[in-house]
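Engineer:
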Amino acid sequence: MLEHCLVLLIAVPLLAAFFTPLAHKIGEKLRNWWVLFSLVSIQFLVLVLAKNVIGGDIQVYTLGAEFPSLTSPAGFPIRIILEADAIAVFMALISVFAALVISIYSLRFIEKYKSTDKYYALLLILTAGMLGLIFSGDMFTMFVFLELLSIASCGLIAFYVHRGESLEAAFKYIVISAVAGLMILFSVGFLYAQYGLLNIAAISSALEFTFLDIVALVFLVAGFAMKCGAVPLHLWVSDAYGEAPAPISAILVIASQVSLYALFRISFTLFGALPLKEILGWLVIIFGVLSMFIGVTMAILQTDIKRLMAYHAVSQTGYMLLGVGVGLAVIGNTSALDAFGITAMEGGVFHIMNHAIYQGLLFLTAGAIIYRTGTKDLNKMGGLAKAMPFTAIFFLLGSFAISGLPPLNGFASKLLIYESVFRFSPLLSIIAILVSILTLASFVKVFYLAFLGSTPAKFQKIKEVPKSMGLAMGILALFIVLFGLFPNIVVDGLVSPAARALIEQFQYINAVL
Amino acid sequence: MSILTNILETGTGFWNPLLGLSFGLIIILLVYLIRSQGERKYKEKTEQTLPFFAGNLPSRKSLKIHNIYWGFFEALKEYYSWLKAVHTGIINDYIYWFVTVLVILLTILILFVIL
Chain Z
14 MLEHCLVLLI AVPLLAAFFT PLAHKIGEKL RNWWVLFSLV SIQFLVLVLA
64 KNVIGGDIQV YTLGAEFPSL TSPAGFPIRI ILEADAIAVF MALISVFAAL
114 VISIYSLRFI EKYKSTDKYY ALLLILTAGM LGLIFSGDMF TMFVFLELLS
164 IASCGLIAFY VHRGESLEAA FKYIVISAVA GLMILFSVGF LYAQYGLLNI
214 AAISSALEFT FLDIVALVFL VAGFAMKCGA VPLHLWVSDA YGEAPAPISA
264 ILVIASQVSL YALFRISFTL FGALPLKEIL GWLVIIFGVL SMFIGVTMAI
314 LQTDIKRLMA YHAVSQTGYM LLGVGVGLAV IGNTSALDAF GITAMEGGVF
364 HIMNHAIYQG LLFLTAGAII YRTGTKDLNK MGGLAKAMPF TAIFFLLGSF
414 AISGLPPLNG FASKLLIYES VFRFSPLLSI IAILVSILTL ASFVKVFYLA
464 FLGSTPAKFQ KIKEVPKSMG LAMGILALFI VLFGLFPNIV VDGLVSPAAR
514 ALIEQFQYIN AVL
Chain L
27 MSILTNILET GTGFWNPLLG LSFGLIIILL VYLIRSQGER KYKEKTEQTL
77 PFFAGNLPSR KSLKIHNIYW GFFEALKEYY SWLKAVHTGI INDYIYWFVT
127 VLVILLTILI LFVIL
């Protein structure tokens, strides 16, 4: 089965998505079990793949070939090739885990609405889109799965079809996705027109540093920067995250991180051979610093809990861009790379995982508050800690983690970033620490407004959220604590191989050619 | 794994969460011990709870949590007026920003190659 693991990882969620409405016809309970079973199966497949790949092997799967490892029968790759290295498996683990937790949370969260079958079908299609984008070995397949991801996300953002704001947010999302997708398609065209190749590894080894290559690089960087919500291309994030159902906001965070992964794959692997890595690294750093600062300063202004968290998601993306950007900027300088570049990249990559967990938890706690109070306006809330003590504790944990307070997971990854980036540029490190302080200041306000003070009369009788929602939040809270207490195990076992997979582009290329 | 080997290397230093947590617990214990030595005749909801009880006290109802950020917003007033103006919520503006970024990136990279 291991041989076909890669293709199954995309086929299973796609098939599960199409069977979900059929299962729904038989009964909602069967539908729920079907969705959960499908996601558990996918998680199992990712773990099987991870066991093989994290050790340093790269697995490839050639669709339609006589046997899956036959990548270049005519001397160059001509078929769709899926490729899994440590960073790809790392992203897949996060994506599927998040989809599973969000499905558990959604069982009760969306049960009062119609079209729940479509909700789960789209969630599974979104999962397939993320996995397809992660494992794509060629540019056109990457574009196709990016479109799949975007269309499924758009449908999920518009889930509250009775609300004009949700429809507008979905419209904005599909417009920016179409523009970003078009730019990515143009760049694929530019590369194909020059080299007659679509495969990432093959293009990377054939690049001749032409003007069109630079245009393609710019289109790809701008397109994926828009999709991952880097400032100043972040304007859609608050609309989409703010208006989508809370669990969908949490999975949209992961979808954005998958685009971030694509940006890193482009920068390190596809264009890794070009002598532009230092300037490209600085551009990624500038995106990161702008995202960190503008994201958090916008968040402090907000009184809508979902929009506030959306701006924090933008701000946290900045840390990942900063960490990995520093690694990219010094990749040509072996001594600097060994001294702090690899640690900065480990910090950035570790932050992807940590951010997925604590930002997911924060969105789910926001969903719990909205589920019980029916409002997103912080000024209308108050005193909820008495009625919802578990939600309050989960929120506190998420807030402390996102603010980088020890001993939680956010601190571990931020510490790696602070210390390594300081050796690259002390100013960047100081900005990163300042942003963490502002993040804490913002969450102090949210905790006070939502959970402390007197309870408004209309919220006197509210109760804690149902158990399945509490379980989903509890799982994420548990990982926040575990990854905070034992960060070295995660860094050594998952993060370090993932960061090194990005740096060692030749291994990725050699696996195909 | 022992408490001393659970170390995250940061390149320039290290972080041991379990050791940090142990120190935190010791500090909490110390704080509790110091607190337990305090005045036992303390009465809640009396003038004992006020730091000062002379003068005109401001009404607590007029103070909101947002007020604690007043100084921050006042100091960054011009930055915030620009920031709010940028976040229009209009899709055309989103695309203008995208085109602007495209032009800037292209200019920087081409200049870098030429120079």
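Chains as they are written, first to last, in my numbering: chain Z, 14 to 526; chain L, 27 to 141. In this text, a Cβ means the ideal position worked out from N, Cα and C, and glycines have one as well.
1) Fully enclosed by the stretch 46-81 of chain Z, which beta strand (DSSP E) runs are 3 residues long or longer?
2) DSSP state of residue 492 of chain Z, grouped into three classes?
3) Assuming residue 182 of chain Z is part of the alpha helix (DSSP H), what are its boundary residues?
4) Kindly confirm or deny that the stretch 269-278 of chain Z and the stretch 226-240 of chain Z touch, where touching means at least three C-beta pairs closer than 8 Å.
5) Find the nearest neighbour of residue 152 of chain Z within the set Z/176, Z/208 and Z/81, judged by alpha-carbon distance.
6) Alpha carbon to alpha carbon, how far is residue 53 of chain L from residue 47 of chain L?
7) Which of the three DSSP states is assigned to residue 515 of chain Z in this structure?
8) Looking at the C-beta of residue 330 of chain Z, does it have a partner C-beta in chain L at a distance below 8 Å?
9) So residue 249 of chain Z contacts chain L; which residues on that side make the cut at Cβ distance below 7 Å?
10) Identify the contact partners of residue 436 of chain Z in chain L, using a Cβ-Cβ distance below 9 Å as the criterion.
11) May I ask you to list, following chain order, the residues of the stretch 492-516 of chain Z that have a beta carbon less than 7 Å from some beta carbon of chain L?
12) How about residue 342 of chain Z and residue 298 of chain Z: are their beta carbons less than 8 Å apart?
13) Starting from the Cα of residue 268 of chain Z, find the closest Cα among Z/453, Z/505, Z/56 and Z/373 and give me that residue.
14) Between which two residues does the alpha helix (DSSP H) carrying residue 299 of chain Z extend?
15) Whole angstroms is fine: what's the gap from residue 337 of chain Z's alpha carbon to residue 107 of chain Z's?
16) For the beta strand (DSSP E) that contains residue 94 of chain Z, what are its first and last residues?
17) Less than 8 Å between CB atoms is the rule here; does residue 123 of chain L satisfy it with respect to chain Z?
18) Please list, in chain order, the residues of the stretch 47-77 of chain L that have any C-beta partner in chain Z closer than 8 Å.
19) Note down, in chain order, each residue of its chain lying with its Cβ closer than 6 Å to the Cβ of residue 307 of chain Z, except the 5 sequence neighbours on either side.
20) Measuring only between beta-carbons, confirm whether residue 115 of chain L sits less than 8 Å from chain Z.
21) So for residue 367 of chain Z, helix, strand or coil by DSSP?
22) Where does residue 529 of chain Z fall in DSSP's three states?
23) Do the stretch 409-420 of chain Z and the stretch 496-503 of chain Z meet, that is, are 3 or more Cβ pairs less than 8 Å apart?
24) Are the beta-carbon atoms belonging to residue 105 of chain Z and residue 147 of chain Z less than 8 Å from one another?
25) I'd like to check one pair, residue 463 of chain Z with residue 375 of chain Z: are the Cβ atoms closer than 8 Å?
26) By DSSP, does residue 438 of chain Z sit in helix, in strand, or in coil?
27) Where does the unbroken alpha helix (DSSP H) through residue 61 of chain L begin, and where does it stop?
Structural biologist: Straight from the coordinates:
1) 72-75
2) Your numbering for residue 492 of chain Z matches position 479 in the first sequence. Helix, per DSSP.
3) Stepping through the first sequence from its first residue, residue 182 of chain Z is reached at position 169. From DSSP, the alpha helix (DSSP H) with residue 182 of chain Z extends over 177-208.
4) yes
5) By one-based count along the first sequence, residue 152 of chain Z stands at place 139. Nearest of Z/176, Z/208 and Z/81 to residue 152 of chain Z, Cα basis: Z/208.
6) On the second sequence, position 27 is the one that residue 53 of chain L refers to. On the second sequence, position 21 is the one that residue 47 of chain L refers to. Taking the straight line from one Cα to the other gives about 10 Å.
7) As a first step, residue 515 of chain Z is located in the first sequence; it is residue number 502 there, counting from the start. If DSSP states are grouped into helix, strand and coil, residue 515 of chain Z belongs with the helices.
8) The count along the first sequence starts at 1 and reaches residue 330 of chain Z at position 317. Not one chain L Cβ lies under 8 Å of residue 330 of chain Z.
9) Within the first sequence, numbered from 1, the residue matching residue 249 of chain Z stands at position 236. Going along chain L in sequence order, the residues near residue 249 of chain Z (Cβ under 7 Å) are 120.
10) By 1-based counting over the first sequence, the position of residue 436 of chain Z is 423. Residues of chain L passing the Cβ test: 37 and 38.
11) 497, 498, 499, 500, 501 and 504
12) Numbered from 1 along the first sequence, position 329 holds the residue referred to as residue 342 of chain Z. Numbered from 1 along the first sequence, position 285 holds the residue referred to as residue 298 of chain Z. Yes, the pair counts as a contact, with Cβ atoms nearer than the cut-off.
13) Here residue 268 of chain Z refers to the residue found at position 255 of the first sequence. The shortest Cα separation from residue 268 of chain Z among Z/453, Z/505, Z/56 and Z/373 belongs to Z/373.
14) Here residue 299 of chain Z is taken as the residue at index 286 of the first sequence, counted from 1. Counting along the chain, the alpha helix (DSSP H) containing residue 299 of chain Z begins and ends at 290-314.
15) Here residue 337 of chain Z refers to the residue found at position 324 of the first sequence. Here residue 107 of chain Z refers to the residue found at position 94 of the first sequence. Going from the Cα of residue 337 of chain Z to the Cα of residue 107 of chain Z covers about 18 Å.
16) Residue mapping note: residue 94 of chain Z aligns to position 81 of the first sequence, counting from 1. Counting along the chain, the beta strand (DSSP E) containing residue 94 of chain Z begins and ends at 94-97.
17) In the second sequence, residue 123 of chain L corresponds to position 97, counting from 1. Judged by the 8 Å Cβ criterion, residue 123 of chain L is in contact with chain Z.
18) 47 and 50
19) Here residue 307 of chain Z refers to the residue found at position 294 of the first sequence. Contacts found: 244.
20) Taking the second sequence and counting its residues from 1, one reaches residue 115 of chain L at position 89. Interface residue, yes.
21) Against the first sequence, residue 367 of chain Z aligns to sequence position 354. Residue 367 of chain Z falls in the helix class under three-state DSSP.
22) Nothing about residue 529 of chain Z can be read from this structure; chain Z reaches only from 14 to 526.
23) yes
24) The residue labelled residue 105 of chain Z in the question sits at position 92 within the first sequence. The residue labelled residue 147 of chain Z in the question sits at position 134 within the first sequence. A contact, by the Cβ cut-off of 8 Å.
25) In the first sequence, counting from the first residue as 1, residue 375 of chain Z sits at position 362. In the first sequence, counting from the first residue as 1, residue 463 of chain Z sits at position 450. No, they are not a contact pair.
26) Counting from one through the first sequence, the residue named residue 438 of chain Z turns up at place 425. Correct three-state label for residue 438 of chain Z: coil.
27) Locating residue 61 of chain L in the second sequence gives position 35, where the first residue counts as 1. From DSSP, the alpha helix (DSSP H) with residue 61 of chain L extends over 43-62.
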